[in-house]
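Here's the structure we're looking at; comments come further down.
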Amino acid sequence: MLIGFSARWPHLPVALFVFLILPLAVWGQLLRELGRTTLAVIFPFALSITLVQGFFYPGATHVIFSLGPFALKEEGLLFAYGTLGKILLLAGAGLLLLFSTHPADLILALVQHGFPNALAYIVVTAIQLLPHMQAKAMAIVNAQRARGLETETNLWRRSRALLALVGPLVFSALVDVHERALALEARAFSAPCSKTSLKELHDTREEALARWAIIVLSIAFIAWQIGGL
Amino acid sequence: MRLKSDFTTITLALIPVAIVINIVVGNIVQVVLKLPIYLDSIGTVLVAVLAGPLAGAVTGALSNIIWGILFSNPTIMPFAITAFCIGLVAGWLAGRGILKNILATIVGGLLTGAVAAIVSAPIAAYIFGGITGSGTDWLVAFFQATGANILQAATLQGLISDPLDKTISFLVVWIILRGMSQRYLSHFPRANNVIRS
Amino acid sequence: MIQLDHVTYTYPQAKHPALSDISLEITESSLVAIVGPSGAGKSSLCALLAGFIPHHFHGILQGRALVHGQDIANTPLAELVTHVGYVFQNPFTQLSGAKLTTREEIAFGLENLGVPRLEMAERVDRVIELFSLRDIANRSPYEISGGEMQRVALASIFVMKPRVLVLDEPTAQLDPLGARQVFEAIRTLTNTQSVTVIIVEDKTEWIATFADRVITLHEGRVVLDGSPDAVLTSPLLAEIGIRVSHYTQAARAASRHRLWPSELALPTTLDKAIDGFKRARKKYENLG
Amino acid sequence: MKISVNDLHFAYPNGVEVLRELSFEISSGERVAIIGQNGAGKSTLVKHFNGLLKPSRGFVTIGDWDTQSHTVAQMAQRVGFLFQNPDEQIFKRRVFDEVAFGPSNLGLSPEEIERHVSAALSRVGLSDMREMHPYDLLPARRKLVALASVLAMETPILVLDEPTIGQDGRGLARLGALIDDLTQQGKTIITISHDMDFCAEHFERIMVMKQGRMLIDGATHDVFARFELLAEAFLEPPQMTRLGRALGLPETVTTVNEFLGAYAKTREPRH
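Residue numbers (my numbering), protein chains in the order written: chain A, 1 to 229; chain B, 1001 to 1197; chain C, 2001 to 2288; chain D, 3001 to 3271.
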């Protein structure tokens, strides 16, 4: 991914997506899921960037065709293509990681490689709490509507409704936080000893080697690109 | 930085909840109330105020990363840098006592918004070619048409939308913390940022 | 094992003490129920025994509170939790949040204490058996019923081998089935393990059947302390606003009309009520 | 104001059907308790009474209003709704303001609001706490604040979801008296409760739900007499009903007073 971004050749990100991400996705049997989500993610960008940069790229001169005062220009489209390639690569690589590894496993792996435990706690807890707080938010919306709060009228009244919805959510969240902190203490969360883990994650030598190889390669490529500027 | 004294158990319990508040409030505002703002940094500001700049920064950065993970949208992850800065600035401002009166709160919101815009612009310009894939992209087009380069256009676009959004966020946090019973606030490491003694 | 000596505690900024001059002794291996109207100080007493008072809630603590001879006020919370386990009313907020399966959730406390992996696995699995959680061991702790969640909470505290378990209204937010499951788990504990359970509970029928001792709090003071039969049938209960079972209410009214045998204590359970009313009938028939 | 439920079916967007073939009417001034296991569909059913949920099939009308054609905020003029968890609605800094939120949404004048709020607070026994912060009250009291905020809207119909949870003996007695009093004024009260003894003391009609269907719907005595059907829904009859049955009383009793009356009768000399 770093390679794709630092490259000056506009086709490289697309090439990387086609020849690296896609085969990996096929290998992991994730192609359909990956393809669909990637398209959903980059569609608004594609639309926006083609229109904005196609017509308004600063300093572009090669007009392809005109539409009243607006003109579609070649440099703009080329820039749009290059950027879209980068976004495609970013989305593709990110999603591939997401779909192939459970976020919690990823976090556990990071912790076992020296990331702070607290970070793992934060990320995994946030991921698990989201559906429940969404349900709570819905319950609050219901409770306030049942007390006569209109959420479907003009902009001014909807803005005023904001506090009636966000207030209870944050208040009750703070109360819960308080109780959860005590519950964590009751389970020795802040005990001053080094922690152990019930779950073991296996990381083979080959995987470790591959990871290092990728890091070294990326750094080398960036250095080469910067050096070549 | 007061690393040890800020990252207490209650701060650790608060951060994931604040991350979820960022996401859920963003959702309420856009889906239920259909308001033309984001308001996705209420939780970040809340943590920054109650537990200091670094805790706020961590909340902000992780929010974007987790949002990207949960909604399968890696393109918002680079803006974790912006969210990190929002947390830092909000925490620093709160330490200067800005959440103790409404005018200072508004100024704090405007300042934080300006910082957010300046930090976002290079990310938007370099990675995304200046656009965000949302409704404010026409502003970028407008600024480019009037002669700005991509970075300038992205900065100007941010300077229009971010300060407004952050000011409303600050105001909401101000009202909420003012309305919260002090009994529940006193356990947070930086409770003095809001409690008038 | 627990000794309170003239303990008085006032929350920060509160006008009145939450606990007033409480002196108590609780000995090894028993089930002690605490009852009282809302605001009587039940939760504060639990918080004190777990050390949340004074380590988390500051305020003013007077008198002496000992657990296993150690002064609660001078012992760090991280050490106290290995003596006294605490289960909250709301099963949801006490999940750690950081674990993806029930089994890992139960292990969370042991991980924090740095227990070696093999020993940890063994202890966790034993507790899973004890609380009959095997079916849900590999499920997400967030996707099980309230009653199951509360049993997981109980298991994840018990696995840390505390000698005292403090349960603050563990069934208040559960439906009848969930409450029954939790009660059964508590019975398993008191029957088979040497652990003292201190439970705040308002379901008198259950207390009457299983508690060894009932302590009644009112306005921060201990007003009654004794056997379930003696405490739960006291006329004081209704006066201070505690729920009284319909069995007791019916028998008390009946005794006013001499429809309840005068030599018999008022009933707190269905069986005792049946027995008493049957005897009263027989007595009447003999007279008639 | 009459509630009519006609061939109500409800399914979530994912297709899971949670309510099936429900048809009944509740007249003005009735006291109805809905009981059943968690997941039986009780909450889903009552959410149809104020339009929070709309039927997938069939219809629900409140007086002359079809819930389908009115917003929840409009329905709030007719149906007051107490949710289980008060923390999911409280957001004001004073008890008074919290209770006034509903009435002010209904567009009442400041004088009317003051009158409604004061009356509601005195009904739940919180008159001297109107200036306090709701979060400085005990949870049981916060629940009463939520109840007051529903009462203050003075709707003809009240839905109370698990009102007894967390209430002590005194709170329970107050709640019971309040329900009796409100029915005197002709209000319709619908409750969801796991507390059978409470239902027996204060409700005249019981609906038993199981897996989205109505298992039994009838007068309190008739419903609690059916031990086998209740067991099928994992429910236990009230304490007095069980005692009466065990002592072989000829009629079904549900409350302490009924039990005493029936028991005394069996002891009258037989002629």
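Note that beta-carbon positions come from the ideal geometry of N, C-alpha and C, so glycine has one too.
For residue i, the nearest candidate out of the options (CA to CA)
i: B/V1025; options: A/K199, A/V124, A/P168; result: A/P168
i: B/V1172; options: B/S1063, B/M1077, B/L1014, B/V1049; result: B/V1049
i: C/T2093; options: C/L2113, C/E2111, C/Q2150, C/D2135; result: C/Q2150
i: D/I3003; options: D/M3209, D/L3160, D/A3200, D/I3190; result: D/I3190
i: D/A3177; options: D/F3203, D/Q3084, D/T3241, D/T3254; result: D/F3203
i: B/I1086; options: B/I1175, B/L1035, B/G1043; result: B/G1043
i: C/S2023; options: C/L2224, C/L2270, C/K2282; result: C/L2224
i: D/M3001; options: D/E3232, D/R3031, D/N3038, D/N3014; result: D/R3031
i: D/N3006; options: D/S3056, D/M3209, D/A3148, D/G3029; result: D/S3056
i: D/Q3089; options: A/K195, A/V177, A/A188, A/A139; result: A/A139
i: D/Q3184; options: D/Y3012, D/A3011, D/R3020, D/S3028; result: D/S3028
i: A/G85; options: B/L1070, B/L1111, B/Y1126, B/K1100; result: B/Y1126
i: D/H3009; options: D/F3096, D/R3130, D/Q3211; result: D/Q3211
i: B/I1118; options: B/F1084, B/V1089, B/L1159, B/G1095; result: B/L1159
i: A/A143; options: D/A3119, D/F3101, D/D3136, D/H3116; result: D/F3101
i: B/K1100; options: B/I1176, B/V1017, B/L1003; result: B/I1176
Residues that residue i contacts on chain A, provided the C-beta gap is smaller than 7 Å
i: B/P1016; result: I122, T125, A126, L129
i: D/Y3012; result: In chain order: nothing, as chain A lies at least about 13 Å away.
Chain-order list of residues whose beta-carbon lies under 7 Å from that of residue i (same chain, five-residue window excluded)
i: C/A2107; result: M2120, V2124
i: C/R2252; result: L2266
i: C/S2245; result: T2204, E2205, T2268
i: D/P3238; result: M3196, D3197, A3200, F3224, T3254
i: C/L2133; result: T2102, R2151, V2152, A2155
i: C/L2130; result: T2188
i: C/G2276; result: A2251, W2260, P2261, L2264, P2267
i: C/D2202; result: V2035, R2243
i: D/R3226; result: I3216
Listed by chain order, chain B residues near residue i by CB distance under 7 Å
i: C/G2097; result: P1016
Contacts around residue i, its chain only, beta-carbon distance under 6 Å, and the 5 residues preceding and following it disregarded
i: A/E179; result: none
i: C/R2279; result: P2261
i: C/I2199; result: A2033, L2167
i: C/H2055; result: L2077
Distance between beta carbons of residue j and residue i, contact taken as under 8 Å
i: C/A2050; j: A/A186; result: 7 Å
i: D/T3254; j: D/A3200; result: 4 Å
i: C/M2160; j: C/G2085; result: 6 Å
i: B/T1009; j: A/S190; result: 5 Å
i: B/G1109; j: B/S1169; result: 7 Å
i: B/I1123; j: B/V1058; result: About 19 Å separates the two Cβ atoms, so there is no contact after all.
Amino acids of chain D, ordered along the chain, whose beta-carbon sits closer than 7 Å to that of residue i
i: C/K2282; result: The premise fails here: C/K2282 is roughly 11 Å from chain D at the closest Cβ pair, so nothing lies under 7 Å.
i: C/Q2249; result: V3256
i: A/Q144; result: Q3089
i: C/R2243; result: D3168, G3169, L3172
i: C/I2274; result: L3243, A3246, L3247
Per-residue contacts from residue i into chain C (C-beta, under 8 Å)
i: A/A188; result: A2078, V2081, T2082, G2109, N2112, L2113, M2160
i: D/H3194; result: D2175, P2176
Close-in-space but distant-in-sequence residues of the same chain around residue i (CB under 8 Å, 5 per side omitted)
i: B/A1104; result: G1097, I1098
i: D/F3259; result: M3240, L3243, G3244, L3249, V3253
i: C/S2140; result: L2100, T2101, T2102
Partners in chain D for residue i, counting only beta-carbon separations shorter than 8 Å
i: B/G1179; result: F3091, K3092, R3093
i: A/A118; result: Within 8 Å Cβ-Cβ: nothing; A/A118 doesn't reach chain D, min ~27 Å.
Amino acids of chain A, ordered along the chain, whose beta-carbon sits closer than 8 Å to that of residue i
i: D/V3072; result: N142, R145, A146
Chain C residues whose Cβ lies nearer than 7 Å to that of residue i
i: D/M3240; result: H2246, A2250
i: D/N3038; result: D2175
Proximal residues of chain B, C-beta to C-beta of residue i below 8 Å
i: A/E185; result: T1009
Under 9 Å by beta carbon: chain A residues contacting residue i
i: C/Q2013; result: Here the premise fails: no neighbours, minimum Cβ distance about 16 Å.
i: D/A3076; result: R145, A146, R147, G148, L149
Within chain D, partners of residue i - CB distance below 9 Å
i: A/G85; result: Chain D residues near A/G85: none, gap ~37 Å exceeds 9 Å.
Fill in: Any alpha helix (DSSP H) of 4 or more consecutive residues that is wholly inside the stretch 2170 to 2205 of chain C
2176 to 2192
Item to complete: May I have a chain-ordered list of the alpha helix (DSSP H) segments no shorter than 4 residues that lie completely inside the stretch 2077 to 2106 of chain C?
Response: 2077 to 2080
Practice prompt. Pick out the complete beta strand (DSSP E) segments inside the stretch 3195 to 3260 of chain D, 3 residues or longer, and give them in chain order.
Written response: 3205 to 3210, 3213 to 3219
Fill in: Every unbroken beta strand (DSSP E) within the stretch 3133 to 3197 of chain D, with a cutoff of 3 residues, ordered by chain
3157 to 3161, 3188 to 3192
Practice prompt. Scan the stretch 3004 to 3058 of chain D and note each continuous beta strand (DSSP E) run of 3 residues or more that stays entirely inside, going in chain order.
Written response: 3017 to 3026, 3031 to 3035
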